[in-house]
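Below: the structure, in structure tokens.
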Amino acid sequence: MRKTDRLLLALLCMIPLLFWSTDGSALPVFARKYHTACTTCHVAFPIRNGFGEAFRNNGYRFPAGQDEDMVKEEPIKLGQESYKKVFPDAIWPSDMPNMPTLGFLGKIRAYTPKDEVSGSYKATKVVEDLETFFAGTVTEQITYFGDFAFNEGGVEWGKLNLMWTFRPGLNLVLGEVGITEKMVLVSARPGWKRDGYTTTMPGITRGAEIRYAGDTGETGGYSLSAGIGRNSTEDPEDAGNIGDSKYVRATYKIGGHGLLSGVGGKHGVEHIGMDNGITFGVNLFNSVKGGQPATQEDLAGLTKTAYSADIEAAYGSLRILGQYARFNEVLDETDKSINYGKRTAYSIEGDYWFYPWLVGVMRYEYLKDNYNGTMRKVIPAVAIMLRPNAKIGLEYVNVSHDKKISSYTAPSSFQLFTQVGF
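Numbering-wise, numbering that gives the first Met the number 0 puts 160 at position 161 of the sequence shown, and it's gapless, one number per residue.
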């Protein structure tokens, strides 16, 4: 058996620590397909480990040509392999999953905001959600994934993506695309609306993205993604909206597993595949009509040009993330001729794994502009894996906000959340 084969099999035998993502980053279907735990690709909800990045860069398939050997649920063949030899006089053969490509995540969250008058934490709201994920692969080129949720408001549509893999490391994605959010980990509602992060870049609703990734030797690697799509704040039917927003993201990783090979690095926490390394990222967003931060829906103001830089470093049981974002303008949503100037935002987060099943988080966020004012957040959190597919977490968000023109403010709050995947 080759060294690469042994490393891949070792990854499959890791102790389970199952996390699920609200944005389709952690997909139960692939755990079923390969008969493996989600720790093969994830250190914690919903962050991918080094091997998980390589799995994604290979079109959600095992790297190094190992996918066919690792699949435990063989697909149903549609057509004969011999049809390839007589194409175009026959339809190119295909396949389809032989099992339901669905996964579910049950969530119960107790949200207790701070009363602005009394300063007490008494009014607790309990929110229940059942999220449904679907994903799969068709032949060696096509991948699909998406999600939707059932909650007290009815059915809430999430996303749908179709991916074409030209070759390992080169992928075209259609659907809901955008700049990857780095500052997400334990939150009960990571990066969503009022719990969104101050450094989140503007996004697009539907579009196309091209991704390219490669290795830089035995460890590390590089990646480049570029996308174009609809403006997230305009009517989809408006003229010129289809290509209004554009973005580019580039990363460079030093040490750790290869971004394409998924091997080569050293583990700081072996049982969740957390590898020692450091990754630098830069992002640029541009919109003709002005876009809104992708996950901070209640943060006032639009921007036409924004850029950011981020860094992720992991060593042993410690993981550090930092991000800086600069918005060139903050426009009034009702009258875009009014410009309140620039916005500055930054975040820093430290995560520490006391055990593979116990992680603590501390995050600090800062945002300042002449529309929303100055906002600071201090967010300590802890998450415990009760079982491989069940977790419980507690998060406290302390908010201080010197408001300007916008009346929006996010209250300080406690959130106790439980999540069970199946």
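Just so it is clear, CB atoms sit at the ideal spot from N, CA and C, and this is done for glycine as well.
By DSSP's criteria, Met162 is part of a beta bridge. Which residues make up the other side?
Numbered from its first residue, the sequence shown carries residue 162 at position 163. The partner list for Met162 (beta bridge, DSSP) reads Thr142 and Val172.
Are Pro214 and Leu169 close, meaning C-beta to C-beta below 9 Å?
Taking the first residue of the sequence shown as position 1, residue 214 is located at position 215. Taking the first residue of the sequence shown as position 1, residue 169 is located at position 170. Contrary to the premise, residue 214 reads as Asp rather than Pro in this sequence. No; because the gap between Cβ atoms is not below 9 Å, this pair is not in contact.
Buried or exposed: which applies to Asp274, given that a residue is buried once 16 or more other Cβ atoms fall within 10 Å of its Cβ?
Taking the sequence shown and counting its residues from 1, one reaches residue 274 at position 275. The residue is buried, with at least 16 neighbouring Cβ atoms inside 10 Å.
Restricting to Cα atoms, I'd like to know which of Gly276, Ser286 and Arg60 is closest to Val247.
Position 248 of the sequence shown, counting from 1, holds the residue named residue 247. The shortest C-alpha separation from Val247 is found at Ser286.
The alpha helix (DSSP H) spanning Arg55 covers which residue range?
Working through the sequence shown from its first residue, we reach residue 55 at position 56. Start and end: Gly49 to Asn56.
Please go through the same chain and pick out, in chain order, the residues whose beta-carbon is closer than 7 Å to the beta-carbon of Ala9, but skip the five residues on each side of it.
Start at 1 with the first residue of the sequence shown, and residue 9 comes out as number 10. For Ala9, the predicted model reports a pLDDT of 36, less than 50, meaning its position is unreliable and no value from the coordinates is stated.
What's the gap between the Cα of Met0 and the Cα of Thr218?
Mapped onto the sequence shown, residue 0 falls at position 1. Mapped onto the sequence shown, residue 218 falls at position 219. Residue confidence is low: Met0 scores 45 on pLDDT, short of 50, so the model does not pin down where it sits. Its coordinate-derived value is still stated next. Looking at the two C-alpha atoms, the distance is approximately 21 Å.
Over the uninterrupted alpha helix (DSSP H) stretch that includes Asp66, give me the two end residues.
As a working mapping, residue 66 is identified with position 67 in the sequence shown. Unbroken alpha helix (DSSP H) run through Asp66: Asp66 to Met69.
How would you write the range of the beta strand (DSSP E) that Val396 sits in, first residue to last?
The residue you call residue 396 lines up with position 397 of the sequence shown. That run of the beta strand (DSSP E) goes Ala389 to Asp401.
In the DSSP output, which residue or residues are listed as bridge partners for Met384?
Reading the sequence shown from its first residue, position 385 is the one you call residue 384. Answer is Lys390.
Per the DSSP calculation, Glu155 is bridged to which residue(s)?
The count along the sequence shown starts at 1 and reaches residue 155 at position 156. Glu155 is bridged to Ala148.
Using DSSP bridges, identify the partner residues of Ser346.
On the sequence shown, position 347 is the one that residue 346 refers to. Paired residues: Gln322 and Glu364.
Distance, Cα to Cα, Phe135 vs Phe29?
Looking up residue 135 in the sequence shown gives position 136. Looking up residue 29 in the sequence shown gives position 30. What sits at residue 135 in the sequence shown is Gly, not Phe. Between Gly135 and Phe29, the C-alpha separation is close to 7 Å.
Among Glu139, Arg375 and Leu366, which residue has its Cα nearest to the Cα of Pro292?
For this step, residue 292 is matched to residue 293 along the sequence shown. It is Leu366.
Quick one: complete beta strand (DSSP E) runs, 3+ long, within the stretch 261-298?
Correct list: 266-268 and 276-290.
Distance check for Lys76 and Pro167, CA to CA, integer angstroms please.
Within the sequence shown, numbered from 1, the residue matching residue 167 stands at position 168. Within the sequence shown, numbered from 1, the residue matching residue 76 stands at position 77. Whole-angstrom Cα-Cα distance: 22 Å.
Would the stretch 329-345 and the stretch 353-362 be scored as touching if the rule is three or more Cβ pairs under 8 Å?
No contact exists between the stretch 329-345 and the stretch 353-362.
Based on Cα-Cα distance, which residue from Asn369, Leu283 and Asn57 lies nearest to Gly340?
Translated into positions along the sequence shown, residue 340 becomes position 341. Of the candidates Asn369, Leu283 and Asn57, the one whose C-alpha sits nearest the C-alpha of Gly340 is Asn369.
According to DSSP, is Arg60 part of a helix, a strand, or is it coil?
In the sequence shown, the residue the question calls residue 60 occupies position 61. If DSSP states are grouped into helix, strand and coil, Arg60 belongs with coil.
Ordered along the chain, which non-local residues of its own chain (more than five positions away) have a Cβ less than 7 Å from that of Asn48?
To locate residue 48, count along the sequence shown from 1; it is residue 49. Excluding residues within five positions, the ones whose Cβ falls inside 7 Å are Cys40, His41, Val42, Ile271, Gly272, Met273 and Asp274.
Which same chain residues, not among the five before or five after Asn388, have their C-beta less than 7 Å away from its C-beta?
Translated into positions along the sequence shown, residue 388 becomes position 389. Within the same chain, Asn388 has close Cβ partners Leu17, Val419, Gly420 and Phe421.
Under DSSP, the alpha helix (DSSP H) around Val137 begins and ends at which residues?
For the purposes of this step, residue 137 is identified with residue 138 of the sequence shown, where counting begins at 1. First-last for Val137: Lys124 to Val137, but that is the beta strand (DSSP E), not the alpha helix (DSSP H).
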